[in-house]
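Which chain is which? The protein sequence lines are A and B, in order. Here our numbering is used: the first residue of the first sequence is 1, the next is one more, and so on. Here our numbering is used: the first residue of the second sequence is 1, the next is one more, and so on. Glycine included, C-beta positions come from ideal geometry on N, C-alpha and C. What follows is one structure encoded as structure tokens, with my remarks underneath.
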Amino acid sequence: MTTDVEKPPQRNGNHIKHKLIPSKLVSPPSGPQGPYRLPKNQHFRDHRRFGFSNIMLVLVILFLFAPLFVVITYSFNAAKGMRWTGLSLEWYKKLFFDSNELWRAFGNSIMIAFSSALVATMLGSLAAIGIKWYRFKARAYIQIASFLPMVLPEVIIGISMLIFFSAIKVQLGMFTIFAAHTTFNIPFVFLLVSARLDEFDFSIIEAARDLGATERQALFKVVIPSIMPGIVTSMLMSVTMSLEDFVITFFVSGPGSTTLPLYVYSMIRYGVSPVINSLSLVLILGIMILALTLRRFLKTIAASS
Amino acid sequence: MKGFDVTVKDVSRAYGSFKALDDVSIEIHKGEFFSLLGPSGCGKTTLLRIIAGFDSPDVGTVLLDGKDILPLPPDRRQVNTVFQNYALFPHLSVYENVAFPLRLKKIQPTKLDTKVREYLHLVQLDAHIDKKPSMLSGGQKQRVAIARALINEPNVLLLDEPLSALDAKLRQNLLVELDHLHDQIGITFIYVTHDQSEALSVSDRIAVMNQGKVLQVGTPYEIYESPATDFVARFIGETNLFPATVLSCNPYKEEYIVSLDIPELGTSIMVTDYDPLQVGQKVSFTIRPEKIKITTDEPRRVGKDINLFSGIVEEPIYSGFQSKYYVSLSNGTVLKIIQQHNNYMDDGPDIAWKDNVFVSWSAEDGYIVEVVDS
Numbered sequence: 001m002t003t004d005v006e007k008p009p010q011r012n013g014n015h016i017k018h019k020l021i022p023s024k025l026v027s028p029p030s031g032p033q034g035p036y037r038l039p040k041n042q043h044f045r046d047h048r049r050f051g052f053s054n055i056m057l058v059l060v061i062l063f064l065f066a067p068l069f070v071v072i073t074y075s076f077n078a079a080k081g082m083r084w085t086g087l088s089l090e091w092y093k094k095l096f097f098d099s100n101e102l103w104r105a106f107g108n109s110i111m112i113a114f115s116s117a118l119v120a121t122m123l124g125s126l127a128a129i130g131i132k133w134y135r136f137k138a139r140a141y142i143q144i145a146s147f148l149p150m151v152l153p154e155v156i157i158g159i160s161m162l163i164f165f166s167a168i169k170v171q172l173g174m175f176t177i178f179a180a181h182t183t184f185n186i187p188f189v190f191l192l193v194s195a196r197l198d199e200f201d202f203s204i205i206e207a208a209r210d211l212g213a214t215e216r217q218a219l220f221k222v223v224i225p226s227i228m229p230g231i232v233t234s235m236l237m238s239v240t241m242s243l244e245d246f247v248i249t250f251f252v253s254g255p256g257s258t259t260l261p262l263y264v265y266s267m268i269r270y271g272v273s274p275v276i277n278s279l280s281l282v283l284i285l286g287i288m289i290l291a292l293t294l295r296r297f298l299k300t301i302a303a304s305s
Numbered sequence: 001m002k003g004f005d006v007t008v009k010d011v012s013r014a015y016g017s018f019k020a021l022d023d024v025s026i027e028i029h030k031g032e033f034f035s036l037l038g039p040s041g042c043g044k045t046t047l048l049r050i051i052a053g054f055d056s057p058d059v060g061t062v063l064l065d066g067k068d069i070l071p072l073p074p075d076r077r078q079v080n081t082v083f084q085n086y087a088l089f090p091h092l093s094v095y096e097n098v099a100f101p102l103r104l105k106k107i108q109p110t111k112l113d114t115k116v117r118e119y120l121h122l123v124q125l126d127a128h129i130d131k132k133p134s135m136l137s138g139g140q141k142q143r144v145a146i147a148r149a150l151i152n153e154p155n156v157l158l159l160d161e162p163l164s165a166l167d168a169k170l171r172q173n174l175l176v177e178l179d180h181l182h183d184q185i186g187i188t189f190i191y192v193t194h195d196q197s198e199a200l201s202v203s204d205r206i207a208v209m210n211q212g213k214v215l216q217v218g219t220p221y222e223i224y225e226s227p228a229t230d231f232v233a234r235f236i237g238e239t240n241l242f243p244a245t246v247l248s249c250n251p252y253k254e255e256y257i258v259s260l261d262i263p264e265l266g267t268s269i270m271v272t273d274y275d276p277l278q279v280g281q282k283v284s285f286t287i288r289p290e291k292i293k294i295t296t297d298e299p300r301r302v303g304k305d306i307n308l309f310s311g312i313v314e315e316p317i318y319s320g321f322q323s324k325y326y327v328s329l330s331n332g333t334v335l336k337i338i339q340q341h342n343n344y345m346d347d348g349p350d351i352a353w354k355d356n357v358f359v360s361w362s363a364e365d366g367y368i369v370e371v372v373d374s
């Protein structure tokens, strides 16, 4: 900035040429502590120990977890009934060494859960991509119809599947359970992947094509990798829903294809066995470990996308 | 000159009853920086998408280096596009985004690495190679998109409003960089924009479009200084535009001097024109605000080719390098006048609100433009 060339004062003396002020003098003073920040927690209201929200928090947690606590406590009960007679690991011993049937059912459940989740994820994801990618007449109808299995009561789906399988003369068993689970999982996958696709910028498909990718290359190298978090999430959802399903499975299972929920149900029919209590704790621990690992896994996926 | 020439011949494209392109023909030369300029909905993006292969015309042909490219899918055309919203692959790093086209071609890894680094260097992104697109600023994203589009060594680069999502200052910088890139690489650039100042500043030639039609093709100078229609005059830069009727038309120097009756100015004015006009013909008259002189003292009349009016300053707008005045004439018509401040405080008298002023312009500075009903 060269303002040194002094000019004679302008006419009337109205216009005075200001010397430029060095900018650091003009900028607002900032202390050594940097920009002003709110003191910690100032933006929250004061928390009293017995405030309304704290009481609600405790009540809700009690409401959610009290039944589980009862089950866990009684899994360590020595006696069979509801009377507390002393601490014992007997039911755990029974669960691990004397429950072949139960573990077979558990194996069935796992097999069906993962296979049906895998197939449902593939079909549901492709359906979601196809419906977003192409414009065709039946598009809207397919979208609506795909939500039907979600809103229909499970009993109805179970009965209709049973009727369907007997009509086409398929023997009830592992395969029919697998087929049924795949069917009811597809809408959930479709919904989750569609949601992911809604925020997906379809011009990147054009970009891929523009850069020399064929339609298939654009699908496998661009579309599927960028919605991977959605696909993984929906697969996990499917596994969970398949594992816990009782009603539909009840209708379409056959001899030798008992899943864990079915087996547990059959156990209670002859009186509640405390083995179920110990199984509950084992399942809770297993699921917690699984959830924590998956969370870390999902975080790394999310971070990489 | 590298690059290919692009010929668009009689192209029309309608969406239902909406005519996005109406019989458009343009010839774009090899190595040219060519801009398609127009308001949104004028069909410029549709034309670009047709050249890129994302859309196809109802009728017409598009030739690239003399060969019809319409039957080819986008991945087999030797053109690449820079998208308005960047369209980067979110799951890939900057490096992998740029490497994408080469990976598709299965290029040898060492060759690929050198080339990717070369192009990232070209757009000054060496420091951000491993970042994900979500970690980049808008300007950096667009640089990645440019490097990615160029690495295939296309013969034509299509740019679809590449700077519209950036802030004004960054836009200026990137625009200059694009111009440098164009000089360095030498391929044909086709640049779509609605921003006339962008188009004027970097283009070799501009096609001004409106409502699916090309109104004028020319150099920025031609477009600004001799607009073909009233729309072009209004769209490019600021102007004062009035409907007018030809009163007389006589040879003058090597041109014609035309007397125009302009009801809005309440009188007739003189203007020169290259072509003879019919007496009684309806035309539009335009004068750019910076070509009008504004003075507080009555200027000495020099010849009959000076048009002089007096008026009152309704709105002086000072913006540092220039001042803009809205001057209302005695009959209420408002003229826009821009005065550049070339010297410190030496630009004549200071003109303030409600001052009585004289405005004048030479007959050679006004233009007669064709009226196109729109």
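Would you report the Cα separation of residue i and residue j, rounded to the nearest angstrom?
i: A/S23; j: A/L290; result: For A/S23, the pLDDT reaches just 44, beneath the cut-off of 50, and the residue's location in the model is therefore unreliable, leaving the point undetermined.
i: B/Q339; j: B/A199; result: 23 Å
i: B/D10; j: A/I224; result: 39 Å
i: A/K94; j: A/A138; result: 56 Å
i: A/T300; j: B/A127; result: 23 Å
i: A/S253; j: A/M174; result: 7 Å
i: B/S330; j: B/V313; result: 11 Å
i: B/E364; j: B/T272; result: 5 Å
i: B/L178; j: B/I190; result: 12 Å
i: A/L87; j: A/Y74; result: 9 Å
i: A/L219; j: A/L126; result: 10 Å
i: A/L191; j: A/Q217; result: 24 Å
i: A/A105; j: A/F69; result: 25 Å
i: B/Q192; j: B/Y95; result: Reading off the sequence shown, one finds Val at residue 192 of chain B, where the question assumed Gln. So the alpha carbons of these two residues sit roughly 27 Å apart.
i: A/D245; j: A/P261; result: 7 Å
i: B/S319; j: B/N173; result: 21 Å
i: B/P154; j: B/I187; result: 8 Å
i: A/A179; j: A/G286; result: 26 Å
i: A/E199; j: B/G139; result: 22 Å
i: B/V176; j: A/K221; result: 34 Å
i: B/N210; j: B/L63; result: 23 Å
i: A/S166; j: A/L172; result: 8 Å
Is it buried or exposed for residue i, if we count other Cβ within 10 angstroms and need 16 for buried?
i: B/N356; result: exposed
i: A/S98; result: It should be pointed out that residue 98 of chain A corresponds to Asp in this sequence rather than to Ser. A/D98 should be labelled exposed.
i: A/T176; result: buried
i: B/Y86; result: buried
i: B/V59; result: exposed
i: B/P227; result: buried
i: A/V119; result: buried
i: A/M56; result: exposed
i: B/H121; result: exposed
i: B/V82; result: buried
i: B/Y221; result: exposed
i: B/D130; result: exposed
i: A/N54; result: exposed
Is the Cβ-Cβ distance between residue i and residue j less than 8 Å?
i: B/P156; j: B/V79; result: According to the sequence as given, residue 156 of chain B is Val; it is not Pro. Yes, the pair counts as a contact, with Cβ atoms nearer than the cut-off.
i: B/I133; j: B/N97; result: For the record, residue 133 of chain B in the displayed sequence is Pro; it is not Ile. Cβ atoms of B/P133 and B/N97: closer than 8 Å.
i: B/T245; j: B/T286; result: no
i: A/A113; j: A/V239; result: yes
i: B/G3; j: B/G31; result: yes
i: B/R171; j: B/G237; result: no
i: A/S234; j: A/V193; result: yes
i: A/S226; j: B/P243; result: no
i: B/D55; j: B/R103; result: no
My assumption, with CB atoms under 8 Å, is that residue i sits in contact with residue j. Please give the rounded CB distance.
i: B/K282; j: B/W361; result: Contact flag wrong, Cβ pair sits at about 22 Å.
i: B/I223; j: B/V232; result: 7 Å
i: B/E27; j: B/T229; result: Incorrect: roughly 20 Å between the Cβ atoms, too far for contact.
i: B/V116; j: B/I146; result: Contact doesn't hold; Cβ gap of about 14 Å is too wide.
i: A/L243; j: A/L294; result: In fact, because the Cβ distance is near 14 Å, the residues do not count as touching under 8 Å.
i: B/N152; j: B/P109; result: Rounded, the Cβ-Cβ distance is 17 Å, inconsistent with contact.
Can you pull out the residues from the region 252-264 of chain A whose beta carbon lies closer than 7 Å to at least one beta carbon of chain B?
Close to chain B, meaning a Cβ-Cβ distance shorter than 7 Å, is no residue of the region 252-264 of chain A at all.
Can you list, in chain order, the residues of the region 207-231 of chain A whose Cβ is nearer than 8 Å to any Cβ on chain B?
Within the region 207-231 of chain A, those residues whose Cβ lies closer than 8 Å to any Cβ of chain B are, in chain order, A207, A208, R209, D210, L211, G212, A213, T214, Q217, K221, V222, P225, S226, M228.
Could you list the residues in the region 52-70 of chain B with a C-beta less than 8 Å from some C-beta on chain A, going in chain order?
A52, G53, F54: these are the residues of the region 52-70 of chain B whose beta carbon lies less than 8 Å from some beta carbon of chain A, given in chain order.
Under 8 Å, CB to CB, which of the residues in the region 97-112 of chain A have a partner in chain B?
Residues of the region 97-112 of chain A whose Cβ lies closer than 8 Å to any Cβ of chain B: none.
In chain order, what residues of the region 187-203 of chain A put their CB closer than 8 Å to some CB of chain B?
Answer set for the region 187-203 of chain A: D201, S203.
Check distances from the C-beta atoms of the region 147-171 of chain B to those of chain A and list, in chain order, the residues that come in under 7 Å.
Within the region 147-171 of chain B, the residues whose Cβ lies closer than 7 Å to some Cβ of chain A are R148, N152, listed in chain order.
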